[in-house]
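In the numbering used here, the protein residues as written are 332 to 583.
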Ligand code: BJW
């Protein structure tokens, strides 16, 4: 696998990482693929294969079919809970201990934090958080009923996953911090995202407009390849540890 990754692109990337003062990393579902977490657009296997993830990840869908959407999230929570960080998560945690680095993720799986990354900016929330849909402000879960979302014992509001669905605003502070990181980075490393979902997909462009170099790591073409100075075509769990080893050597 290592031999397939372009050696010149790898060397150039190592030099950029070694020279960078401020690095911004944007990750997507692909960074967790080698942990066994299906990517968002490949998520529907087995019983879920007849559903479209983009249609389920919406408030309207939840209001129409709360049990179905809740079950989908319960299924994904169990799946992620049984996984572990992979070498890509570990490499990023290790790089952040050596360089000023802001890690911005679209992922909701918490695997960066479990690998030891601190202060991760979660643009799309967290799979393991809950919040209330139209809650009364003093919501308290009633006794659980299997297969349906918990309800508030006082107002009857439904609990919902603490993630950002299509059409919803990103958490304000997270978005502000991510944009600031993009504006001030001199290197933007984009790992494992299709680059289809905005505003996250706009961050590498912001970084580039402010003078940063952009490196994309992805085994497949992505919508952000055109923004990249360098595209490293390979799986994150293979490519990132190679970059980090190279950086150590280059800066020694
Ligand atoms: C590997 C690999 C390996 C595989 N190694 N790589 C501008 C233009 C057009 C539309 C819009 C726009 N601005 C906003 C919109 C609308 C919309 C949007 O972007 N739609 C597009 C689909 C067209 N955006 C929104 O609705 C956002 N909200 C918003 O804009 O609100 C406005 C507002 C303002 C004020 C008030 C109210 C509203 C919200 C977006 C929320 C996205 N949420 C989701 C679901 C989270 C919960 C859940 O998980 O269920 O987030 S959608 C989904 O996509 C998820 C992901 O984080 C996100 C990105 O996906 P990602 O990570 O790129 O995964 P994949 O599967 O697409 O790609 C995986 C990649 O990995 C592939 O490239 C593989 O090749 C690669 N890969 N193995 C490295 N081993």
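Note that the Cβ used here is the ideal one computed from N, Cα and C, for glycine as well.
Q | Among 338, 513, 546 and 372, nearest to residue 452 - alpha-carbon criterion | A | Counting from one through the chain shown, the residue named residue 452 turns up at place 121. Closest option to residue 452, Cα to Cα, is 513.
**Q.** Own chain residues within Cβ distance below 6 Å of residue 419, not counting five before or after
**A.** The residue given as residue 419 occupies position 88 in the chain shown. So the list reads 362, 567, 568 and 571, once near-sequence residues are dropped.
**Q.** Buried or exposed by the 16-neighbour rule on C-beta atoms within 10 Å, applied to residue 333
**A.** One-based indexing of the chain shown puts residue 333 at position 2. Here the model assigns residue 333 a pLDDT of 45, short of 50, so the residue's position is not dependable and the matter cannot be decided.
Q.
Quick check: what's the CA-CA separation for residue 497 versus residue 506?
A. If you number the chain shown from 1, residue 497 lands on position 166. If you number the chain shown from 1, residue 506 lands on position 175. In a straight line, the C-alpha of residue 497 is about 15 Å away from that of residue 506.
Q) Where do the ends of the alpha helix (DSSP H) carrying residue 348 lie? A) Position 17 of the chain shown, counting from 1, holds the residue named residue 348. Secondary structure note for residue 348: its alpha helix (DSSP H) is the uninterrupted segment 338-350.
Q) Would a C-beta distance cut-off of 8 Å place residue 354 and residue 573 closer than the cut-off? A) Position 23 of the chain shown, counted from the first residue, corresponds to residue 354. Position 242 of the chain shown, counted from the first residue, corresponds to residue 573. No, these two residues do not count as a Cβ contact at 8 Å.
Q) In three-state DSSP terms, what is residue 497? A) Along the chain shown, one-based indexing puts residue 497 at 166. It is a strand residue.
Q) Tell me which same chain residues have a C-beta within less than 6 Å of the C-beta of residue 444, skipping the five on either side of it? A) Indexing the chain shown from 1 puts residue 444 at position 113. Excluding residues within five positions, the ones whose Cβ falls inside 6 Å are 451.
Q: Give every residue of the same chain whose Cβ lies closer than 8 Å to the Cβ of residue 339, excluding the five residues on either side of it in the sequence, and list them in chain order.
A: Translated into the one-based positions of the chain shown, residue 339 becomes position 8. The answer is none, since no qualifying residue turns up.
Q) Tell me, which residues are paired with residue 355 by DSSP? A) The residue given as residue 355 occupies position 24 in the chain shown. DSSP output for residue 355 lists 433 and 519 as bridge partner(s).
Q. When DSSP labels each residue in this structure, what does residue 570 get in the three-state scheme?
A. Numbered from its first residue, the chain shown carries residue 570 at position 239. Helix.
Q: Along the alpha helix (DSSP H) that carries residue 446, what are the first and last residues, could you check?
A: As a working note, residue 446 is residue 115 in the chain shown. Looking at the DSSP string, residue 446 is not in any alpha helix (DSSP H), and its letter there is neither H nor E.
Q: Output the boundary residues of the beta strand (DSSP E) element that contains residue 456.
A: Along the chain shown, one-based indexing puts residue 456 at 125. Note, residue 456: beta strand (DSSP E), 456-464.
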